[in-house]
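Everything in the first sequence is counted per the numbering used here, starting at 4 for the first residue and increasing by one.
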Amino acid sequence: MKGRQVLFPMGFHVTGAPVVGISKRIANKDEKTIKLYRDLYRVPQNVLEEFTDPLVIVKHFASEYQRVMTDCGLSIDWRRRFITVDPTYSKFIEWQWKKLYDAGHVIKGAHPVRYCTVDENPVGDHDLLEGDKAEVIKFTLVMFRYGDAFIPCATLRPETIHGVTNLWANPTVTYVKAVVDGKTWIVSKEAAEKLALQDHTVEIKGEVKGSELVDKKVSHPLCGDVPILPAEFVDPDMASGMVMSVPAHAPFDYIALRDLQEKGKYKDIKPVPLIKVEGYGEIPAMSAVEKAGIKDQLDPRMDALTQEIYSAEFSKGKLFEKYGGKPVKIARDEVADLMTEKYDSVPMYEFDLRPVVCRCGNRVKVKILHDQWFLKYSDEAWKQEVQDHMNDMSLVPPEVRVEFDRTIWWLQDWACTRKVGLGTRFPWDTTQLIEPLSDSTVYMAYYTIAHKIREIDSKLLTPEVFDYIFLGKENKELPEKKKLEAMRREFLYWYPYDFRFSAKDLISNHLTFQVFHHCTVFEGQKDKLPKGMVVFGMGLLNGAKMSSSKGNVFLLEDAVKEFGADTVRMFLMGSAEPWQDFDWRNELVLSTKKQIERFHNTVLELKDVKGEPHEIDRWLLSRLQAHIARTTDALDKFQTRQALQESYFGIESDLKWYRRRLGKDAAGSKELHTLCSVWTRLLAPFIPFTAEYLWKEMGGEGLVSFAPWPVADKQLMDEKAELAEELLLRTVEDIESILKLIQMKPRAITIALAPAWKKDVFNTIAKASDKNTVVKEIMKDESMRKRGKEATDAAKQITTLIHRLPPYVVEPLVREPINERAIFEAAKGFLEQEFGVAIHIEDAEAAGHAKAAMALPFKPSIIIE
RNA sequence: GCGAGAAUAUCUAAGUGGCCAACAGAGGCAGACUCAAGAUCUGUUCCCGAAGGGGUUCGCAGGUUCAACUCCUGCUUCUCGCACCA
């Protein structure tokens with residue numbers, strides 16, 4: 004409509020594990036999954052049976068989405084549709100990764116992951132039966148010497164080693180003696196298995212009963228000799244299965260020790276404090292437990308209390324002077340480093356929440372994965388490049404900029420390869436795949452050539468081919484040169500993209516990643532870097548998040564079927580701005596539908612009116628120009644809701660007033676044809692189907708989608724007409740509110756107009772920079788002083804009035820006064836029809852009524868008899 | 001914990017110094033039309049008022065200002081993201 008070529012492409016990103024997971028579950032005849040796809044997504048039985056092949060799933064939903072999107076009236080160039088596992092796309096990804104690799108952004112390392120020992124695979128969220136919230140935490144194993152063996156205790160608080168009074172062993176558990184990396188350790192059986200997954204050689208040599216360990220001594224250079232005490236709360240499936248006890252700072256340890264001592268045992272053990280923290284006594288765990296009045300270890304508040312002390316000590320605590328006096332925050336890492344370096348400590352990974360269970364029923368463990376590749380987002384120089392470009396990008400809404408800036412600097416190395424799923428093979432280790440968030444970063448460029456590259460055999464798509472298409476690097480050896488040239492032209496025509504639209508939860512990964520990748524792939528070609536991003540809000544259904552597992556879903560297809568595409572579009576665009584969350588509620592959607600019907604009926608009714616021109620036409624056209632300008636402005640800023648408020652409700656309410664002003668008998672004039680034409684075009688982007696139909700009915704040329712977008716015509720703006728109607732409307736409202744209040748049947752209404760001197764006062768006050776002293780200024784005038792109190796009162800009232808009137812009224816009023824008498828005389832017939840009585844228009848000073856003295860400029864006094 | 005955002009009438013929600021008792025929509029209530037319902041239209045929807053006014057409101061408590069929903073400080077509550085998950 005604005006004469007621009009716009010490309011709306013659509014592709015399907017299918018990389019990753021979910022699709023494979025679905026097909027596996029369907030192959031395994033998983034009831035829940037089959038039900039979901041058969042009943043909720045209504046996949047036909049014969050297609051569902053083929054869902055054991057992941058590609059069938061992909062193709063099925065891709066076609067479904069294309070159908071529904073087409074039904075919605077989206078004008079997408081479907082020739083460019085592709086999926087991210089097309090062989091040609093994989094070649095493109097390989098080229099992209101070569102660029103990243105050559106720039107030194109792809110590195111190799113180790114990484115802890117959730118791992119299922121039965122499936123022999125890492126597990127994603129969707130593979131979990133339980134524990135999808137669990138995070139992997141790095142513990143430090145503190146190695147206590149026990150004879151010629153070690154007893155490792157996992158801790159998050161290595162600095163508390165100075166306060167260890169004992170270890171805890173579970174007397175009901177059978178521990179194992181195992182040779183770990185050549186040294187003998189005593190740990191739980193579970194721990195031995197876990198350690199084997201975490202870069203340790205583990206060989207089990209024998210068993211040790213927990214009860215045998217009780218009362219034995221262990222030692223550590225940083226705390227000396229301490230005994231092992233019995234405690235049944237020790238969980239063999241948590242880390243090493245042995246726990247070091249710091250009763251002064253850990254409520255659990257404190258209570259466990261207290262319980263034993265109450266039975267008369269181990270009386271000689273005293274908590275050893277080592278951290279000073281404000282607000283807690285000398286022994287924080289003790290003071291906290293006593294303050295909370297906790298009786299035993301089973302108290303449900305124990306976890307919260309532990310957390311509280313942990314946080315307080317971490318953020319505000321300081322080690323005692325004899326232990327170095329450093330803040331806990333710093334000492335923690337220093338002690339851990341010291342232990343690792345000198346006292347045989349190693350890290351151990353474990354979940355913070357348990358249990359974590361795989362779909363196969365097996366307990367998930369943490370495994371350290373080698374041959375893990377990373378994208379080096381930690382690279383400061385790379386970050387800086389991205390930051391520099393980000394500063395030049397336009398972001399909608401502007402508030403998201405801080406979030407992007409933060410993300411750039413917060414990102415660390417990203418594990419970018421996976422063992423399972425769909426995707427492109429990782430070029431430097433073809434047993435692995437490129438991870439989904441890492442292969443979806445430059446595909447906007449691929450859109451420009453997607454329909455043409457299909458014609459070339461993927462085997463011919465060498466990096467040199469892409470170098471030519473995207474970077475313009477000439478090479479004599481290139482195959483299919485004609486086709487490549489066409490693609491190069493296509494790319495140059497469309498790229499860079501103007502805006503990428505995505506949801507706000509992708510800011511911290513995808514949306515930022517793609518800028519990183521663009522900066523590297525198009526190194527040195529600033530004119531090919533993305534120009535802007537628009538961040539969307541999320542959709543709610545009846546106030547709750549949509550979730551297919553909870554059944555809180557409403558398919559777009561059903562929405563379109565039930566309410567029609569136009570209704571769905573207008574609702575989605577009009578109920579919230581794009582970046583705000585919208586809430587789908589059927590009753591609200593229904594009212595949108597009625598609004599479209601009202602618009603439809605109104606246009607059909609107005610398109611043939613043949614009334615005489617009226618004075619009020621000028622007002623209507625003038626207002627229309629403002630609506631055009633404001634709608635256009637809103638759309639330029641992606642404010643779809645604002646645009647609809649202007650173009651739909653704004654015009655509708657003007658029409659209401661227009662028809663009211665015309666009175667019962669008069670027909671609307673031909674200017675309404677103009678209004679209908681403009682109105683239909685303004686709404687065409689929102690409700691294209693209705694708009695096309697009406698456009699045809701109106702005899703418009705061609706399709707409304709290609710009709711010129713309305714442009715506000717300054718010539719038609721009529722400030723005086725608008726002011727006149729404003730005055731009239733305000734007066735009518737005043738009369739109505741008085742009539743309602745006094746409950747009397749009027750015989751006549753007199754409108755008394757303010758005298759000229761009050762208008763002078765009005766102007767003086769409106770122009771004055773300091774509205775407080777202006778009254779004094781006015782009273783300096785001889786003629787005003789003569790009026791005395793009347794003048795000062797009027798000045799006060801006028802000051803209030805000016806504050807209450809909108810600037811768009813005051814400003815022109817001062818610039819050029821209006822003839823109030825002429826306005827009311829012209830509208831006399833209208834007013835008489837409205838109120839059914841005779842209307843008199845008089846000058847206030849001639850009216851001879853006490854109320855008339857109240858008359859102010861733009862606010863005549865009203866006398867009802 | 002870290003980071004971002006939000007809190008406005010029955011609900012959704014606009015409003016970023018005076019246009020504000022607060023746009024718009026939904027819902028409620030009353031009326032018109034209709035045999036009736038729906039649709040449509042009109043009015044009303046914080047409190048008081050037989051004259052267009054007054055009072056009390058925009059999470060809570062303070063502050064700045066002639067003037068605060070809007071600016072500042074503190075507090076409370078909620079939502080979202082936080083990495084291998086697309």
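Backbone N, C-alpha and C define an ideal beta-carbon position, used for all residues, glycine too. Since this is a predicted model, take the numbers as computed values, not measurements.
List the endpoints of the continuous beta strand (DSSP E) containing N169.
169-172
Taking the alpha carbon of L756 as the point to measure from, which residue in W622, K564, L200, E823 has its own alpha carbon closest?
E823
I need the DSSP call for T420, collapsed to helix, strand or coil.
strand
Exposed unless 16 or more other CB atoms sit within 10 angstroms - verdict on M247
buried
Please give me, in chain order, every unbroken run of the alpha helix (DSSP H) with length at least 4 that falls completely inside the segment 194-265.
213-216, 254-265
Whole-number beta carbon distance between D501 and K531, since they are thought to touch under 8 Å
Contact doesn't hold; Cβ gap of about 13 Å is too wide.
Closest by C-alpha distance to A195, when choosing among K220, L159, V221, P155
P155
What whole-angstrom Cβ distance do V445 and Q517 have, given they're in contact under 8 Å?
7 Å
Spatial neighbours of W587 within its chain, please: CB distance less than 8 Å, with the 5 preceding and 5 following residues excluded, ordered by chain position.
G542, L543, L544, N545, F557, A562, F574
Reference N169; option with closest CA among M245, T683, P115, I207
M245
On the DSSP bridge list, what partners appear for T187?
V182
Only counting the same chain, and skipping five residues up and downstream in sequence, which positions put a Cβ closer than 6 Å to that of T634?
A646, E649, S650, L685
Which residue's Cα is closest to the Cα of D416: A113, E814, F11, F494?
A113
So, are the CB atoms of K673 and K613 less than 8 Å apart?
yes
With A755 as the anchor, note down where its beta strand (DSSP E) starts and where it stops.
751-756
Assuming I752 contacts I867 under a Cβ cut-off of 8 Å, what Cβ separation, rounded to an integer in Å, is found between them?
5 Å
Decide if Y283 is buried, meaning its Cβ has at least 16 other Cβ atoms within 10 Å, or exposed.
buried
When the distance is taken between beta carbons, is T143 closer than 8 Å to T158?
yes
Bridge partners for R148 per DSSP, in chain order?
F153, S222
Closest Cα partner of V571 within the set L514, C119, F692:
F692
Does the beta-carbon of R83 have 16 or more other beta-carbons within 10 angstroms, so that it is buried, or is it exposed?
buried
How far does the alpha helix (DSSP H) with M536 in it extend, from its first residue to its last?
First-last for M536: 535-539, but that is the beta strand (DSSP E), not the alpha helix (DSSP H).
Report buried or exposed for L301, applying the criterion of at least 16 other Cβ atoms within 10 angstroms of its Cβ.
exposed
In terms of alpha-carbon separation, which member of V777, P400, V221, K192 lies closest to E210?
K192
Three-pair Cβ contact test at 8 Å for the segment 712-723 versus the segment 798-806:
no
Please list the terminal residues of the continuous alpha helix (DSSP H) segment that includes T73.
57-74
Just curious, the alpha helix (DSSP H) that S740 is in, first and last residue?
722-745
Can you tell me whether K386 is helix, strand or coil according to DSSP?
helix
Contact check, P863 vs I754, beta carbons under 8 Å
yes
Distance between Q69 and K455 (C-alpha atoms, nearest Å)
20 Å
Taking Cβ to Cβ, would you say P149 is nearer than 8 Å to V221?
The amino acid occupying residue 149 in the given sequence is Tyr; Pro does not appear at that position. Cβ atoms of Y149 and V221: closer than 8 Å.
Identify the continuous alpha helix (DSSP H) that holds A137 and give its terminal residues.
Note, A137: premise wrong, no alpha helix (DSSP H); not H, not E.
Cβ atoms of W582 and V524: under 8 Å apart, would you say?
no
Would you grab the beta carbon distance between M342 and V145 for me? Rounded to a whole angstrom, and I think it's under 8 Å.
6 Å
Euclidean distance between Cα positions of A253 and Q310
10 Å
By a C-beta neighbour count over all protein chains shown, 10 Å radius and 16 as the cutoff for buried, is G475 buried or exposed?
exposed
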